[in-house]
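Enquirer:
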Amino acid sequence: MVAIRGGWWMYAQTIRRLLELAPNGLSHDQLLWRLRSSGLRLSPADILDSLTLLSEGGEARLTSARRWQAVALSSPPGPQMKASRNGRFGPAGTEPLLAVRFRHEDQPAGDDLGDAKDGQRADADWRALLRYFAATQRSDPRGSVTEYPDNHGRAWQLVWGSGDWWAPRRRLVLPLSSCPETFREAVHLRPEKVCTIGYPLARVTDDDGPRVLPALLLPASFSVAGDALLVDLTAEVPALNPAWLKIAARSSASWKQGSLTDALIPEGEDDDLGSVAGRLRHVLATQGGGALKPGDLLAEVTLEGKGLCNAAALFLPSDARFTKGTERDLDAIAQWSDDKLAATALETVLRGDVAASTAGSAAPVAMRVLTPHQYSAALDAIRAPLTVIQGPPGTGKSEVILSLMLSTLIDGGSVLFASHNHKALDEVERRLKYLVPKHPLLTRARDADGERDTNFFAELAAIASGPVRPAAATEATERSRLRQSAAALAEAEASAAEAQRLRLALAELTDQLEAGDPVDTPPPSRGWWRTLLARMFGRGHGSTGEARLTVLRREIQARRLDLERLGAPSTESMAALAETIRAACPAAVDEIATYELPPTAEERHRLADRLAEMKFDGDAGPDGLTLEDAREVLAHRPIWAVGTLSAPSRIPLRPGLFDLVIFDEASQCDVASALPLMARARRAAVVGDPEQLSFIPQLSRLKEHALMDAAGLGKVGRHHVAQSINSLFAFARRRPTCRAHFLADQFRSDEAIVDYLNADFYQGALTAAVDESRLRVPNGYRAGLHWHDVPGRATRADGGNINLAEAQAVVDLVVAMVTERAYTGSIGVLSPFNSQVNRINVLLEPHLKRIEAVGVDLQVLTIDRFQGGEKDVILFSTVLAAGAPASAKTFYVRERRRLNVAVSRARALCLVVGDKSYVRSSGIAPLVHLADWSERPGKPRAGYDSLWERRLAAAMTRRGLTFFPQYSVGRRYLDFALDPDGRKLAVEVDGQRWHTDRDGGRKVSDRLRDAELRARGWTMRHFWVHELSADMEACVDAIERALGQR
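The numbers in UniProt numbering rise by one with no breaks, and the one at position 654 of the sequence shown is 654.
Next up, the structure:
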């Protein structure tokens, strides 16, 4: 029995009698007036406590019209009543669930995450850093939330209020005295002061009984101040509750989980709780969505009926949180010894140390010949503890990842491939299946739909009961030969890199000698002022200058001797080795999959015995595997793919279990969820591009400072480790021992498209390397980036931003390309706004049969949905025009990197469809620049790039040779072309300033161009400036020999 608080009994019964006299109920103001008219002076707080007492006893309720009514009782009221299953008082199962009212206010302002002067860096103590990251996971309580009515008032509590309580940085204030005692106790007992606000609530009754599921989840933290429960929202964008999403899709014939997600949180549209609730009203109107008004919440909920109701609740965290496993792993790693950490890539990430045990010795292999940039990145990734690879669109990032997997496999190692989304995992899985279709090399821990869901223990059981190795197993001859070729190429690449270093040094020394030598430089070109400066600073004439020149000449001679002794391999021999590796790769991988990965009969028997032992000991799960058990699994399942948050429950936490962990799309991944995976591997490769889509933070700055303080982090450099503002890519890139690489060669897009990407996103670091002969340009168009001007008007419809004129123009362009211009290439239509994509799809519907009949590959998607894809032609609908809402403009300012994703999807042609005049007057810098760039003409080439080209030209002229400077071959230019219709000799002058990239290496476009030109019948001849400086006539002799004139 539960006793009523006696001190308030008189007040409560007086209020009850007043309510009985008003069958239609009384509002708060009416009740206050009647009490004061009767002479009873109660404060609003007294009245609220009395009403709460009556509602807990089942004697009064608050209706949806916000009026209090008396409830008829089946037994006389008294100081004691029976507790119902929902924790309230009254006949069991008959009473509605009542909400606690809140008010809302702004959260206190927090400090920036800048440096402070306590003298200690935030990353000085690796254990404190892990404790902090674990706390960030506890602070994200979202998960698959399902609750039962009998847990109301304990694990969850209805709340109600009005206004825009979900606005950024809002605080909900609830009176604890109005909450059930069981809920107050649960709040105080929770060690992690986090919770979730769920809205709206879905009522479901099935085999599990009546349940309540929130549709949208907003993470929050809470604290107690006196009688107030302070709930601070820590994110502005709600997440969809997976449990509700599954049921909602199952209850509708029109929606699947993926399409429902896109409809509720469409790309480019407002994504706060109010906006998403507005879409819910229309999208799920038949499931109760039509009644949703988050700014006017219900004060009570009955369990009768089903579907959505306009109510919100506070849910205390449970073990179903998304981040529970990551939090547990981080806490466990924080207890590791230094020696245990030293066996992992996490040692390098957290402490900056490089343990010898994490070094690798494998050599890269690949199914395609890698460029020098790709090869260098792959070599570091399979050998160094931490490698960070920036891969802009079209630079072969996926090829590098595939090479890392194959290289580790050929070397007998294991790989853990991780990403925050399943699309990246799908792509690599597809490529591996194409390579070895008969044997599944990759084990997918869980796919997007959950149809495949496995773990180390399940795979151990599968190996112990699966097929054994063929009896006719042979020696691994194919793998052995491939490893030898890969090692030879690695040695050749190292030698070529050293030769490159020496040539660059020679080029620099030659330039210095040229600038300071008064004999070799003609006086007219030097100018009197340069001569004066040279004499003033000891360069040129004078004894000091001459001594310096003598030192330079000696240095040049020494470097030339080093270069001669090195005997660097030729480009042709290295290309032949790379081709040998490419050709041998499939057979070697097939050999491993057939004769090495299946267990022998003896191994299978031993594993079956071990499995039985684990089951008997109660260790039947991934955590029950020892390090030796887990390595047994990897011996037969060497490549695993997993989502970052899925790993803890499927892969045992054992230090250095894998040889290599690869993170793809790391710019969209948070730091905390990646660290436990680094602890499971000896080396880590972090791959991504910060100039594309980024991750969404879930923590407020104020909350983050509090977590850092609680973990004991120093205050210097906190912004470098903060979970809320750093992606995994940014965090890893700042580690002092990381090996950083930039994949500079863009193989996908036309040169004009690459020029735009360089100007707006990559500071000129990209090099167009596409074979322009393979670009499929529609008739009547010129390859590149262009604008199709469509004056129109932007409006709000279908819950988002649309532009009808643009949508119709896009459809007209697609139909004209296919039917009038007979185009058969692939076409992609993109827009940042989901509503515009839907409208274009509707307008295209009548034309689809004709388009499909021609065989055109056509897709219409939002930018986010298309990331990772590519098409010959991209039509990009901006939607912006007169009437565009402020949110649409803000989107382009905030999400400028989506322009990179959109434009870079195009191979041959990117056609921007929009109102150019409006865009130019909008002041939105990224779009204005895109409009301006679309009008740039092609870049003509004329003259010479350097003084040494002029000197070689003069020397060839003296010999009577006919040559063509800056000769165009396709869209490439040669420094000199000789006999272009006969022997086809291409002469290139290499120097530090005009033939090296930003990292000091030779421009890869030179090597790619050489291969392409050789395929077209050209002979390539390169001269470095130090060779021209040493003996110009000998270089011209070599040209004549190549032409057959000597």
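Positions of the beta carbon are idealized from the N, C-alpha and C atoms, including for glycine.
Decide yes or no for the touch test of the segment 148-159 against the segment 366-374: beta carbon pairs closer than 8 Å, at least 3 of them.
Expert: Cβ pair count under 8 Å is below three, so no.
Enquirer: Is the segment 826-837 close to the segment 857-876, with three or more CB pairs under 8 Å?
Expert: Touching, yes.
Enquirer: Give the secondary structure of M1020 by DSSP, where H, G and I count as helix, E and B as strand, and everything else as coil.
Expert: To locate residue 1020, count along the sequence shown from 1; it is residue 1020. M1020 falls in the strand class under three-state DSSP.
Enquirer: Can you check DSSP and say which residues form a bridge with Y973?
Expert: Reading the sequence shown from its first residue, position 973 is the one you call residue 973. Its beta-bridge partners are S968.
Enquirer: If you draw a straight line from the C-alpha of A886 to the C-alpha of G161, how long is it?
Expert: Working through the sequence shown from its first residue, we reach residue 886 at position 886. Working through the sequence shown from its first residue, we reach residue 161 at position 161. Looking at the two C-alpha atoms, the distance is approximately 28 Å.
Enquirer: Relative to the C-alpha of T824, which candidate in C910, R865, K871 has its C-alpha closest?
Expert: On the sequence shown, position 824 is the one that residue 824 refers to. With distances taken between Cα atoms, T824 lies closest to K871.
Enquirer: Pull up the CB-CB distance for V989 and W933, whole angstroms please, since I reckon it's below 8 Å.
Expert: The residue you call residue 989 lines up with position 989 of the sequence shown. The residue you call residue 933 lines up with position 933 of the sequence shown. Going by Cβ atoms, the distance from V989 to W933 rounds to 31 Å, so no, they are not a contact pair.
Enquirer: Within the segment 767-825, note down every full beta strand (DSSP E) run reaching 3 residues or more, in order along the chain.
Expert: Runs of the beta strand (DSSP E) inside the segment 767-825: 784-789, 794-797, 800-803.
Enquirer: How big is the Cα-Cα spacing for S419 and A679?
Expert: As a first step, residue 419 must be located in the sequence shown, where it is residue number 419. As a first step, residue 679 must be located in the sequence shown, where it is residue number 679. Cα to Cα, the separation comes out at about 16 Å.
Enquirer: Q13 to A99, Cα distance in whole Å?
Expert: The residue you call residue 13 lines up with position 13 of the sequence shown. The residue you call residue 99 lines up with position 99 of the sequence shown. Approximately 21 Å between the Cα atoms of the pair.
Enquirer: Quick test of your reading: Q746 and T395, contact by CB under 8 Å. State the CB separation rounded to the nearest angstrom.
Expert: For the purposes of this step, residue 746 is identified with residue 746 of the sequence shown, where counting begins at 1. For the purposes of this step, residue 395 is identified with residue 395 of the sequence shown, where counting begins at 1. About 6 Å; that satisfies the 8 Å criterion.
Enquirer: Give the straight-line distance between the Cα atoms of V1004 and T819, rounded to the nearest whole angstrom.
Expert: By one-based count along the sequence shown, residue 1004 stands at place 1004. By one-based count along the sequence shown, residue 819 stands at place 819. Bear in mind that a pLDDT of 44 at V1004, under 50, signals an unreliable position, so the model cannot answer this.
Enquirer: What's the gap between the Cα of K889 and the Cα of A313?
Expert: Within the sequence shown, numbered from 1, the residue matching residue 889 stands at position 889. Within the sequence shown, numbered from 1, the residue matching residue 313 stands at position 313. Approximately 34 Å, taken between the alpha carbons.
Enquirer: Taking Cβ to Cβ, would you say V687 is nearer than 7 Å to A666?
Expert: The count along the sequence shown starts at 1 and reaches residue 687 at position 687. The count along the sequence shown starts at 1 and reaches residue 666 at position 666. Yes; because the gap between Cβ atoms is below 7 Å, this pair is in contact.
Enquirer: Assign R66 to one of three DSSP states: helix, strand, or coil.
Expert: Mapped onto the sequence shown, residue 66 falls at position 66. R66: coil per DSSP, three-state reduction.
Enquirer: Give the list of continuous alpha helix (DSSP H) stretches no shorter than 4 residues that lie fully inside the segment 134-196.
Expert: Taking only runs of at least 4 residues, the alpha helix (DSSP H) segments lying wholly in the segment 134-196 are 181-189.
Enquirer: Consult DSSP for R127 and reduce its assignment to one of helix, strand or coil.
Expert: Walking along the sequence shown from the start, residue 127 turns up at place 127. Note: R127 maps to helix in three-state DSSP.
Enquirer: How would you label R101, buried or exposed, when you count the other beta carbons within 10 angstroms and need 16 or more for buried?
Expert: Taking the first residue of the sequence shown as 1, we reach residue 101 at position 101. By the 10 Å Cβ count, R101 comes out buried.
Enquirer: Check this for me: beta carbons of T323 and Q137, under 7 Å apart or not?
Expert: For the purposes of this step, residue 323 is taken as residue 323 along the sequence shown, with counting starting at 1. For the purposes of this step, residue 137 is taken as residue 137 along the sequence shown, with counting starting at 1. Yes. Within cutoff.
Enquirer: Within 10 angstroms of its Cβ, does N900 collect 16 or more other Cβ (buried), or is it exposed?
Expert: To locate residue 900, count along the sequence shown from 1; it is residue 900. Buried: at least 16 other Cβ atoms inside 10 Å.
Enquirer: For the putative contact between V468 and A601, defined by C-beta atoms under 8 Å, what is the C-beta separation to the nearest angstrom?
Expert: Numbered from its first residue, the sequence shown carries residue 468 at position 468. Numbered from its first residue, the sequence shown carries residue 601 at position 601. Contact holds; Cβ gap of about 5 Å.
Enquirer: Between the alpha carbons of P846 and M817, how many angstroms are there, rounded?
Expert: In the sequence shown, residue 846 corresponds to position 846, counting from 1. In the sequence shown, residue 817 corresponds to position 817, counting from 1. Taking the straight line from one Cα to the other gives about 16 Å.
Enquirer: Drop a sphere of 10 angstroms on the beta-carbon of S337, count the other beta-carbons inside from all chains shown, and report buried for 16 or more, exposed for fewer.
Expert: Translated into the one-based positions of the sequence shown, residue 337 becomes position 337. S337 is exposed by the Cβ-count criterion.
Enquirer: Helix, strand or coil, according to DSSP, for F457 in the structure here?
Expert: Residue 457 sits at position 457 when you count from the first residue of the sequence shown. The answer is helix: DSSP assigns F457 an H, G or I state.
Enquirer: Do K246 and F222 have their C-beta atoms closer together than 7 Å?
Expert: Taking the sequence shown and counting its residues from 1, one reaches residue 246 at position 246. Taking the sequence shown and counting its residues from 1, one reaches residue 222 at position 222. No, they are not a contact pair.
Enquirer: Looking only at C-alpha atoms, which of I802, L441, A490, R483 sits nearest to T594?
Expert: For the purposes of this step, residue 594 is taken as residue 594 along the sequence shown, with counting starting at 1. The residue with the shortest Cα to Cα distance from T594 is L441.
Enquirer: What does Q390 pair with, by DSSP beta-bridge criteria?
Expert: To locate residue 390, count along the sequence shown from 1; it is residue 390. Answer is G688, F742.
Enquirer: In this structure, how does DSSP classify I662 when only helix, strand and coil are distinguished?
Expert: The sequence position of residue 662 within the sequence shown is 662, counting from 1. Residue state, collapsed to three classes: strand.
Enquirer: Select from E327, W68, G258, L880 the residue whose C-alpha is nearest the C-alpha of H422.
Expert: Looking up residue 422 in the sequence shown gives position 422. Cα-wise, what sits closest to H422 is G258.
Enquirer: Quick one: what does DSSP say Q107 is sitting in, helix, strand or coil?
Expert: For the purposes of this step, residue 107 is identified with residue 107 of the sequence shown, where counting begins at 1. Q107 falls in the coil class under three-state DSSP.
Enquirer: Measuring alpha carbon to alpha carbon, tell me which of P470, H720, F731, R654 ends up nearest D689.
Expert: Position 689 of the sequence shown, counted from the start, is the residue given in the question as residue 689. The option with the nearest alpha carbon to D689 is F731.
Enquirer: Do R883 and R793 have their C-beta atoms within less than 7 Å of each other?
Expert: Walking along the sequence shown from the start, residue 883 turns up at place 883. Walking along the sequence shown from the start, residue 793 turns up at place 793. First, the amino acid is wrong: residue 883 is Gly here, not Arg. Going by C-beta atoms, G883 is nearer than 7 Å to R793.
Enquirer: Quick one: using the 10 Å Cβ neighbour count with 16 as the cut-off for buried, is S570 buried or exposed?
Expert: In the sequence shown, residue 570 corresponds to position 570, counting from 1. With fewer than 16 Cβ atoms within 10 Å of its Cβ, S570 is classed as exposed.
Enquirer: Which one or two residues does DSSP pair with C309 in a beta bridge?
Expert: The residue given as residue 309 occupies position 309 in the sequence shown. Answer by DSSP bridge pairing, in chain order: L201.
Enquirer: Between which two residues does the alpha helix (DSSP H) carrying G274 extend?
Expert: Within the sequence shown, residue 274 is the residue found at index 274, counting from 1. 273-283 is the extent of the alpha helix (DSSP H) around G274.
Enquirer: Give me the Cα-Cα distance between A768 and P393, rounded to the nearest whole angstrom.
Expert: Indexing the sequence shown from 1 puts residue 768 at position 768. Indexing the sequence shown from 1 puts residue 393 at position 393. Roughly 12 Å between the two C-alpha positions.
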